[in-house]
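Those protein sequences? They're chains B, R, C and Y, same order as listed. Numbering-wise, the UniProt record's numbering puts 217 at position 217 of the first sequence, and it's gapless, one number per residue. Numbering-wise, the UniProt record's numbering puts 163 at position 163 of the second sequence, and it's gapless, one number per residue. Numbering-wise, the UniProt record's numbering puts 291 at position 291 of the third sequence, and it's gapless, one number per residue. Numbering-wise, the UniProt record's numbering puts 325 at position 325 of the fourth sequence, and it's gapless, one number per residue. Every residue gets a Cβ at the ideal spot worked out from N, C-alpha and C, and that includes glycine.
4 protein chains.
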Amino acid sequence: MAKLKWGMIGGGEGSQIGPAHRLGAQADGLFEFAAGALDHRPEEGRAYAQRLGVPADRAYGDWQEMLAGEKDRPDRIDLVTIATPNATHFEIAKAYLEAGFNVLCEKPMTMTVEEGEEIVRVARASGKICAVNYCYSAYPMVRQARAMVRAGEIGKVRLVVTNFSHGHHGDATDADNPRVRWRYDPAMAGVSGQFADCGIHALHMASFICDDEVATLSADMASTIPSRQLEDDAMVNFRMEGGTVGRLWTSSVAIGRQHGFDIQVFGETGGLRWASEHPNQLFYTPVGGRTQIIEKGEGGLHEDAMRLSRVAIAHPEGFPLAVANIYCDLADAIRGEPRDGLPNAADGVRSIAAVHAAVASARAEGAWQDARPPMFR
Amino acid sequence: MAKLKWGMIGGGEGSQIGPAHRLGAQADGLFEFAAGALDHRPEEGRAYAQRLGVPADRAYGDWQEMLAGEKDRPDRIDLVTIATPNATHFEIAKAYLEAGFNVLCEKPMTMTVEEGEEIVRVARASGKICAVNYCYSAYPMVRQARAMVRAGEIGKVRLVVTNFSHGHHGDATDADNPRVRWRYDPAMAGVSGQFADCGIHALHMASFICDDEVATLSADMASTIPSRQLEDDAMVNFRMEGGTVGRLWTSSVAIGRQHGFDIQVFGETGGLRWASEHPNQLFYTPVGGRTQIIEKGEGGLHEDAMRLSRVAIAHPEGFPLAVANIYCDLADAIRGEPRDGLPNAADGVRSIAAVHAAVASARAEGAWQDARPPMFR
Amino acid sequence: MAKLKWGMIGGGEGSQIGPAHRLGAQADGLFEFAAGALDHRPEEGRAYAQRLGVPADRAYGDWQEMLAGEKDRPDRIDLVTIATPNATHFEIAKAYLEAGFNVLCEKPMTMTVEEGEEIVRVARASGKICAVNYCYSAYPMVRQARAMVRAGEIGKVRLVVTNFSHGHHGDATDADNPRVRWRYDPAMAGVSGQFADCGIHALHMASFICDDEVATLSADMASTIPSRQLEDDAMVNFRMEGGTVGRLWTSSVAIGRQHGFDIQVFGETGGLRWASEHPNQLFYTPVGGRTQIIEKGEGGLHEDAMRLSRVAIAHPEGFPLAVANIYCDLADAIRGEPRDGLPNAADGVRSIAAVHAAVASARAEGAWQDARPPMFR
Amino acid sequence: MAKLKWGMIGGGEGSQIGPAHRLGAQADGLFEFAAGALDHRPEEGRAYAQRLGVPADRAYGDWQEMLAGEKDRPDRIDLVTIATPNATHFEIAKAYLEAGFNVLCEKPMTMTVEEGEEIVRVARASGKICAVNYCYSAYPMVRQARAMVRAGEIGKVRLVVTNFSHGHHGDATDADNPRVRWRYDPAMAGVSGQFADCGIHALHMASFICDDEVATLSADMASTIPSRQLEDDAMVNFRMEGGTVGRLWTSSVAIGRQHGFDIQVFGETGGLRWASEHPNQLFYTPVGGRTQIIEKGEGGLHEDAMRLSRVAIAHPEGFPLAVANIYCDLADAIRGEPRDGLPNAADGVRSIAAVHAAVASARAEGAWQDARPPMFR
């Protein structure tokens, strides 16, 4: 089976996200790195792409040049990954979708709800894939959790509790570090800091595992480092459309929590617990029974969990291979076998709507808000 | 040193709390079980007390009889523990304090804020001890956490996050079990279910470790088992008087969380983490540094942690000895060497005020409330 | 039910073991501290006993005086605990047994196999209880493990692996500290250092849970701190009478292992895992299935585990209450309801024989030895 | 930088090791899968290689054909991975080395010590790389441990204790499964079962982290499932050339240990602990101090640990990327920047010698043996 052709925009030298995508796309031999516009400085971007093996004629100076160069090639790229600064996602994703490319967009998909709805419409009209990189949802044991919920193994879900709280922005003496500061500057980050950065991963995860959507929410936000204009800590209570109660805490000043993304789902007949720091175990407790440790790779897992696991039980697989799983699902979808769990533009705009609703709630002292984009109300 | 004389009201045969108090009072040889009115059925109570070694003439039929019998004895009890149904705490505590007895009252101290304030006033007037059994605060590593905060070892506290969430009331088919049902019945439990039962332990712990008081709060409550009139799940956001942001989740339907009481405290220069399921370890992370595991019994602990530890490092001590530590502090206080951390009537009434404020907030869709009793505003 | 009368020899002021025994004997209200000869300095011992509440006429200067004072009293002690230096255990235990007292002896029961066999014979002849304080075997979850093995829940046991390895003697600069040094000095400790101190707890545990006896062994010992004459690290391979393969590692230089006592038992149809640092959980894996976490206090435990647990599931109980469980079993035995698991003089002499066999094996470069005392061959 | 060209022998469809090598070689974009002889059935192997993207003219029917086809190409492969049945490693590795190819050989490198020494000589004579896939040594935190030992951060190493014990062959009813049975059949597996399969990973790890070599050993082996001719459980005590005491337990009947590879290293001034089930943490305890958790990706790690980590702190990386790290080091070595830690033919033959010495010792009731190949004595 020939490799698919893949291009990337952004993810230049020194970025964190670039290597994660390159590894994700190439690890399983499914994609060939065929084109790239990797840097906002055209020459640096062209040179870096070539050092990474991209042919010279497909090492582009910017995304417009890449679009022009690729769109009429007979061997044009099958998928483009957008890993540029957040404020540029909308324009680029729209342009590539309209030109008939499949897209994987980094989160947040857009800055505003209106833009997000526009992407949904454009993607629908194009018939192309617009995926969003909620990569944590592609861990095998997260897929197992979702499959268990859908199979009714914990009964109707009453309650979901999720945290994405780390401490890596907890040092006030480092708050002016440009890598940290922009996240709390409305001019660059938009209306929200930590919730838009990490919280939406957790919110998507709650919807993903519960197989339901967030309907309403109430938020409490705080800038615990006073110089920050945007929140570095937030608590969001929510209700899902099916009635599930939700609780989400996100923080960047939780010193000692190195990663801190976890989720607990409680249903009528059982509970589930998963944490990204030890992603190969899922803890399951049937009501009135003992906690069982479900291991990635054990016999009898649900299909989705089995399929996305590469090595045998108790050989851990980590974050880069969760990203690779997104690419596995993309390859299947491009080849006409779409997988159910791939996060899409609708997921993307729901996140943006939740961010705006949370900010509105926090400003209104916790008043409950509709969390949904108008198109999904 | 002669043993102190101790009496108990409630805690009859088959109760859980009775054995915990008896072990707590007697484990370290500080108290002699001298008097008791253990059961609402007088004869059963007298017989049981005698089987437990209480002399026949001090095995009473009810608390009034015991008060009458003890108050004029030259060898009257030095301390009475009140472990009766919640609604009776006020009347009994008041009567014993007024008669000049030292009291240890189970939580919640009273049902209403007014009653709670009255107990504070009576205790002050009597000059006697009125302690409340927030026994988790007496674990050595909780005392260590408090001492570290007070010594400035994590800087000004920005954020405290605490959970007391278990799943033992998660079985809807068991919801009519009388041991479970009363907690969600306003006629017996008052205005709040899970928050009043477990949440106030966590709220006290937050105040205790942060050495600050809760000022305002906003709550979201849910009865995830629909037949319940009172909440089985609650999220409370709060602010402390010193500005610390607080987050508290409590649940009784969190299936798989066997105990589920934990606390995380994040300051300007470090973070702390403790969980009641493994109470002998305290996790400490200095900002920018590695997480360190502080062990009960290690060298160099703060005085309070050292003093309340009986056996060497890595010999675990558990819940019954945390209760015993409350009795150690009581013995010291009775003998004129009061310890700083012993939870008192002011702590008791603060909890009740917070419960009422949380219920008011939840009914007002999360509107923020003053969490303090009027006397402490 | 009247309290039983209890006396202690040794465990003077400042000792670690004294408070553990006093708490163990008194925590559950089963024993009254009625007599004591607590110190090798008669006056200090008498004064300390009285400070602890022992009546003046039963606060003795030494064990001989106590024996003389107690043996003809109508209210003589029901049980004596021997917590003196190891070399004196034999003489004292023998004298008290011959005088018709029940005995709880600290480990090691004696210094030589001959002495140990003599104690077994004397105990049999007297009809009295001679228990040895292998207190770890009284943790509820250890009793659960034993009961599961006996009920066939993991099938025939193939393999048992146990470690008791800590790092508290790992600091060479502290090796001359008298509290540490004597353990490696043959004049005080006998033929073995770490194996005789901690290893025999693990060896007893293996026999206890597997319900079988050690038959043969091969040992490798090392003094990793060269100034030591006795081993600070040992590995012992063994075979049980029923054919089970055994492996036991013990060390006092394993820096970072704070306690380090754990055991794993592997049978034909399942495996079990327990560790003293988190003693309230037992991990059980049926062959081909998932690991389950068995919690102290959960429903459906074996009787022995249920009986020796005081507070509800997930309220941890620790080391001092494991000691208290030994006293619970002793109280039952004294009252004529002997419990099956109480460690006795036969267990005591088996340990001594294993120590001597291990030293002989290590000196013979690992040659296999019969591990049993002659009387049990 | 152009990709290096890579070929594989073995690892056909359905094998576990094939995908691990392909991912390892391709994940970081360093190698192009250029040639393969993947199956002992020529046509299946050719077809599978082509499906994986190998050009038709380099999809070979067997290793001899591949050797003939590659050796004179100007664009011949830069590296060949040998992942065939163990008994064929020697012949293939020798032939490719003699033809001037760089080789990565699966473990065990050879079946006999003589063969192993021959490979060492041939590799030396060829000037080519002969690496052996002790991939666990390439986890970032294992490299960190080695670097800490070499930097003297735990002082002279006194003791190393390592286990590689799982339970996946613990089901006697599955013992005739061909995937399991061959490992205990001398005709296919050679002189040793579990020790040759897993134990040598642990033995290599001990040498690797301690930066020392195993000198002598004593072994106890057992076939706990009686139908097995080779051991399914072994304990090996050893001494390193520098005097370090070693203890290694390996088992395939340890039901409930899902992976079970861990190592503890104890020096004069500190201890280290690592486990493959949670490979992103390294536990470090300075003597007399607290245990610290060192996280993959944290600031200030040793160079080797930093270099082999792809994503930020607390984003776990797992087993497939440890294999990829071996390929990273190989790429550097091929390009003339050899890395110090890459396991080589000398490591390979040392393992074989240790296997034979352990079997000899077990047969001689634990008599100590020289563990080294003659060429390294």
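Take the alpha-carbon of residue 301(C) and the one of residue 272(C): they are about 15 Å apart. Across the set 377(Y), 94(Y) and 10(Y), the C-alpha of 377(Y) shows the shortest separation from the C-alpha of residue 241(Y). Counting the other CB atoms within 10 Å of its CB gives residue 229(Y) a total below 16, which places it among the exposed residues. For residue 71(Y), no Cβ of chain B is located within less than 7 Å of the residue's own Cβ.
In this model, residue 47(B) and residue 15(B) are separated by some 15 Å (Cα to Cα).
In this structure, DSSP gives residue 309(C) a state outside helix and strand, which the three-state scheme calls coil. Within the segment 116-172 of chain R, complete alpha helix (DSSP H) segments of at least 4 residues are found at 140-150, given in chain order.
Under a criterion of Cβ atoms nearer than 8 Å, the residues of chain B adjacent to residue 254(R) are, in order, 159, 161, 264, 266 and 271.
With respect to residue 78(R), residue 334(R) sits close: the two C-beta atoms are nearer than 7 Å. Between residue 223(Y) and the set 238(C), 158(C), 162(C) and 283(C), the nearest pair of CA atoms involves 158(C).
Distance from the Cα of residue 67(Y) is smallest, within the candidate group 91(Y), 181(Y) and 303(Y), for 91(Y). Note that the C-beta distance between residue 52(Y) and residue 12(Y) is not below 7 Å. Contact of residue 345(B) with chain R is not assigned, every C-beta pair being separated by 7 Å or more. Apart from the 5 residues on each side of it in sequence, residue 65(Y) sits with its Cβ closer than 7 Å to the Cβ of 37 in its chain, given in chain order. One Cα belongs to residue 279(R), the other to residue 86(C), and the distance between them is close to 33 Å. DSSP places residue 45(Y) in the uninterrupted alpha helix (DSSP H) bounded by 42-51. Residue nearest to residue 285(Y) within the set 54(Y), 268(Y), 5(Y) and 257(Y) is 268(Y) (criterion: CA-CA distance). Put simply, of 8(R), 94(R) and 18(R) the residue whose alpha carbon is nearest the alpha carbon of residue 58(R) is 8(R). Listed along chain C, the residues sitting closer than 9 Å to residue 291(Y) by beta-carbon distance are 256 and 258. Think of a sphere of 7 Å around the beta carbon of residue 245(R): the chain B residues whose beta carbon falls inside it are 222, 224 and 233, in chain order. When the alpha-carbon of residue 105(C) is set against those of 148(C), 96(C) and 126(C), the nearest one is in 96(C). Annotated three-state conformation of residue 273(C) is strand, per DSSP. Residue 256(B) sits buried, since 16 or more C-beta atoms from the chains shown fall within 10 Å of its C-beta.
Comparing alpha carbon positions, the residue from 122(R), 99(R), 143(R) and 74(R) closest to residue 339(R) is 143(R). Beyond the five residues adjoining it in sequence on each side, residue 83(C) comes within less than 8 Å, by CB distance, of 8, 9, 10, 11, 15, 17, 18, 21 and 106 in the same chain, given in chain order. Contact of residue 313(C) with chain B by beta-carbon distance below 7 Å is absent, the smallest such distance being about 11 Å. Residue 252(C): not part of any alpha helix (DSSP H); DSSP gives it neither H nor E. When 205(B), 169(B) and 323(B) are compared, the shortest CA-CA separation from residue 231(B) is found for 169(B). For residue 5(B), the three-state secondary structure derived from DSSP is strand. No residue range can be given for residue 60(R), since it is assigned to no alpha helix (DSSP H) and is classified by DSSP as neither H nor E.
Counting along the chain, residue 102(R) sits inside the beta strand (DSSP E) bounded by residues 102-105. Note: residue 263(R) is bridge-paired with 162(R) and 274(R) in the DSSP secondary-structure output. Taking all protein chains in view, the Cβ of residue 173(R) is surrounded by fewer than 16 other Cβ atoms within 10 Å, so the residue is classified as exposed.
Bounds of the alpha helix (DSSP H) holding residue 351(B) are 345-363.
Ranked by how close their Cα comes to the Cα of residue 128(B), the residues 353(B), 359(B), 345(B) and 367(B) have 345(B) in first place. Excluding five sequence positions before and after residue 360(R), the CB atoms of its chain that fall closer than 7 Å to its own CB belong to 369, given in chain order.
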